[in-house]
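What follows is one structure encoded as structure tokens, with my remarks underneath.
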Amino acid sequence: MIELNNVAMSYGGRALFENVSLLLPEGSFHFLTGPSGAGKTTLLKLCSLQLKASTGQVKLLGRPTDDLDRNQVAAFRRQIGVVHQDSRFVDHLSVQENVLLPLAVSHKATTDANDVSDLLGWVGLDHVAARMPPELSGGERQRAALARAIIQSPEIILADEPTGNVDWDMSLRLLDLLIELNRLGKTVLCATHDLNLIRQAKSRIPVRVLRIRDGGVTAAGADL
Amino acid sequence: MTRLQNLLLGDTTANRVVPPSGFTASLTVISSAAMAFLAVFAISLFLAAGELSNRWEAELSGTATIRLPVSETIDDQVTNVLAALDQTPGIVSARRIDDSEQLALLAPWFGQDIPLGKLRLPVLIEVEETQAGPDVEGLSNRLAAEAPGAVYDNHSRWRIPLVEAADRLRNLALISLLLIASVVAVTIALAASSALAANGQIVDVLRLVGAEDRWIANAFTRRFTLRALGGAFAGAIIAAIAVALIPSGVDAGILSGLGFRGGQWLFILSVPCLAAGLAFLATQIAVARRLKEDG
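Which chain is which? The protein sequence lines are Z and C, in order. Each residue of the first sequence is one higher than the last, beginning at 1 in my numbering. Each residue of the second sequence is one higher than the last, beginning at 1001 in my numbering.
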């Protein structure tokens, strides 16, 4: 689960948000929406420990993250799958090698070749496994990022505008994958400004929508 | 042990995660090769200077020469001096250098046809000293009494500066080696740090997927250590060939000491190993510092 208690974040003296308290239960699916610059990405980075809150406490999987050393932060990140709008890769490694990176860095034996193939097949990338990331389309990159994010079967999946660079069909396909992961019990937090995507998700599974605006986070109204 | 094994062998992905090419790769390989080349020469100079110092010390110590100016009573003086030397502690033997030997000594400068009888050359007495040697001051006083103007020369005014020069040469070679090692360390540390900065995206990706600093540092360290090892090995081999081609033998003069003999060739193998060790330490420190600075 993800828990934020009175979290504030400021950059250069300007408060981005203050006193944010959230509780995202295990196995829940949340969308985070709001205008550009409201702090969606920052909030997700706080949850993936890429940033540290100015004040307040972030708890992940039931544990506070305030006083973690660098190795403990790395260990937490291995339990969180992250997909960004512009997912980055090691460009001189193949798609398959990139997807396997989380296993390599955690000194885990590389999963069985069939398992990797199954995973790439699940996200629809088995035909590009040997290609290099720069050769992929926007949608393929997002799906490769999703495959990389979930190869270690993390409990939490954070997606920051995962459909920002893809067409509607691909957006639906990515949404299908996130929904499927949520059905497997994963906690999903997805930042997006695409209201149609949120409506699509709501029509299929119970999701909650959080709106970040004016320095605070509130539950969205019934219009969403 | 496992950590060392991981570092040395790594895994397929870790071995490939640092880009195989780029200016930092060339910089590491070329600078390691150049420095190994110079290091081999510095070692060669160090060994040669040491041998030269020992040789000059051994050849010139333990012998002395007495010069007696020509006079009417030179033969009596020679007899008295030899008798005095015979009774002097620290003297093993003494003998007068005859005309043919003097002729041989002068021949390189004046040719074979020197009319020795017409020249007023001093008489020379060759003296062999014990290891402790005689009391030079007391002996000189006694010689002055037996043969006014006699000079006792134990070559110290030649030997000491020569040995000192050889020792300084050896120290210079040692300092050169230390400087070379420092340059290797600094160059590779800078290259590793630059590589890390140039590959910020890779580091970001690795951090995002949960890589610890140690894993990232090991990946870079492994790459740079292997590059330094390869470059230094090539440089050392080229230098070894160059050293082997230096003329040897008596005619080569001081150059005859430059080179490796027997087990000394193993010093060449130590150069790439030391370069790799330096690269390992320099990269570990530079990368760890950089990762910490980046947050």
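The beta carbon of each residue, even a glycine, is placed where N, CA and C say it ideally should be. Please read these numbers as outputs of a predicted model, since none were measured by experiment.
Return helix, strand or coil for D1153 of chain C, following the three-state DSSP convention. Along the second sequence, read from residue 1 onward, the residue named residue 1153 of chain C stands at position 153. It is a strand residue.
Classification of W1056 of chain C by the beta-carbon crowding that lies within 10 angstroms, buried from 16 upward: The residue labelled residue 1056 of chain C in the question sits at position 56 within the second sequence. Result: buried.
Contact with chain C by N228 of chain Z, beta-carbon distance below 9 Å: With chain Z running from 1 to 224 in the structure shown, residue 228 of chain Z is simply not present.
By the 9 Å beta-carbon criterion, what residues does the region 174-206 of chain Z contribute toward chain C? none
Please confirm whether A74 of chain Z has its beta-carbon closer than 9 Å to some beta-carbon of chain C. Locating residue 74 of chain Z in the first sequence gives position 74, counting from the first residue. By this cut-off, A74 of chain Z is an interface position.
Please confirm if L1208 of chain C has its CB atom under 9 Å from at least one CB of chain Z. Counted from its first residue, the second sequence places residue 1208 of chain C at position 208. Yes, L1208 of chain C counts as interfacial toward chain Z.
When the distance is taken between beta carbons, is V1203 of chain C closer than 9 Å to I1188 of chain C? Working through the second sequence from its first residue, we reach residue 1188 of chain C at position 188. Working through the second sequence from its first residue, we reach residue 1203 of chain C at position 203. Their beta carbons are not under 9 Å apart, which means I1188 of chain C does not touch V1203 of chain C by this criterion.
The alpha helix (DSSP H) with S1044 of chain C in it runs from where to where? Indexing the second sequence from 1 puts residue 1044 of chain C at position 44. That run of the alpha helix (DSSP H) goes F1023 to L1060.
Using beta-carbon positions only, say whether N5 of chain Z and G56 of chain Z come within less than 9 Å of one another. For this step, residue 5 of chain Z is matched to residue 5 along the first sequence. For this step, residue 56 of chain Z is matched to residue 56 along the first sequence. For N5 of chain Z and G56 of chain Z, yes; Cβs fall inside 9 Å.
Kindly identify the DSSP beta-bridge partner or partners of G81 of chain Z. Position 81 of the first sequence, counted from the start, is the residue given in the question as residue 81 of chain Z. Looking at the DSSP assignment, G81 of chain Z forms a beta bridge with Z:I157.
4-residue-minimum alpha helix (DSSP H) runs that sit fully inside the region 22-47 of chain Z, ordered along the chain: 40-47
Name the two residues that bound the continuous beta strand (DSSP E) containing G56 of chain Z. As a working mapping, residue 56 of chain Z is identified with position 56 in the first sequence. Residues T55 to L60.
By how many angstroms is the C-alpha of V1205 of chain C removed from the C-alpha of L60 of chain Z? As a working mapping, residue 60 of chain Z is identified with position 60 in the first sequence. As a working mapping, residue 1205 of chain C is identified with position 205 in the second sequence. The alpha-carbon atoms of L60 of chain Z and V1205 of chain C are separated by roughly 21 Å.
Compare the Cα-Cα distances from R1157 of chain C to each of C:A1064, C:R1290, C:S1193 and C:T1130 and report the closest residue. For the purposes of this step, residue 1157 of chain C is identified with residue 157 of the second sequence, where counting begins at 1. Checked all of C:A1064, C:R1290, C:S1193 and C:T1130; the closest Cα to R1157 of chain C is C:A1064.
Runs of alpha helix (DSSP H) wholly within the region 120-205 of chain Z (minimum 4 residues, chain order): 138-150, 168-183 and 195-202
In whole angstroms, what is the alpha-carbon distance linking I1074 of chain C and A1165 of chain C? Stepping through the second sequence from its first residue, residue 1074 of chain C is reached at position 74. Stepping through the second sequence from its first residue, residue 1165 of chain C is reached at position 165. Each residue's alpha carbon lies about 38 Å from the other.
Apart from the five residues on each side of it in sequence, which residues of its chain come closer than 6 Å, Cβ to Cβ, to L1085 of chain C? Reading the second sequence from its first residue, position 85 is the one you call residue 1085 of chain C. Same-chain partners within the cutoff: I1091 and A1094.
Can you pull out the residues from the region 88-108 of chain Z whose beta carbon lies closer than 7 Å to at least one beta carbon of chain C? R88, F89, V90, H92, L93, E97, L100, L101, P102, A104, V105 and S106
Name the chain Z residues whose beta carbon is nearer than 7 Å to that of P1161 of chain C? Locating residue 1161 of chain C in the second sequence gives position 161, where the first residue counts as 1. Residues of chain Z passing the Cβ test: none, with the nearest at roughly 60 Å.
Coarse secondary structure for S1093 of chain C, derived from DSSP in three states: What you label residue 1093 of chain C is simply residue 93 of the second sequence in a count that begins at 1. Three-state result, S1093 of chain C: strand.
The alpha helix (DSSP H) enclosing R1289 of chain C, as first and last residue numbers: The residue you call residue 1289 of chain C lines up with position 289 of the second sequence. L1266 to D1294 is the span of the alpha helix (DSSP H), which, as asked, contains R1289 of chain C.
According to DSSP, simplified to helix, strand and coil, what is R1227 of chain C? In the second sequence, the residue the question calls residue 1227 of chain C occupies position 227. Looking at R1227 of chain C - three-state DSSP - the assignment turns out to be helix.
Could you tell me whether any Cβ in chain C is nearer than 9 Å to the Cβ of R141 of chain Z? For the purposes of this step, residue 141 of chain Z is taken as residue 141 along the first sequence, with counting starting at 1. No, R141 of chain Z lies away from the interface with chain C (no Cβ there is under 9 Å from its Cβ).
Members of the region 1014-1035 of chain C near chain Z, C-beta cut-off 7 Å: A1014, R1016, V1017 and P1019
Would you be able to state if there are at least three C-beta pairs under 8 Å between the region 1013-1021 of chain C and the region 1148-1155 of chain C? no
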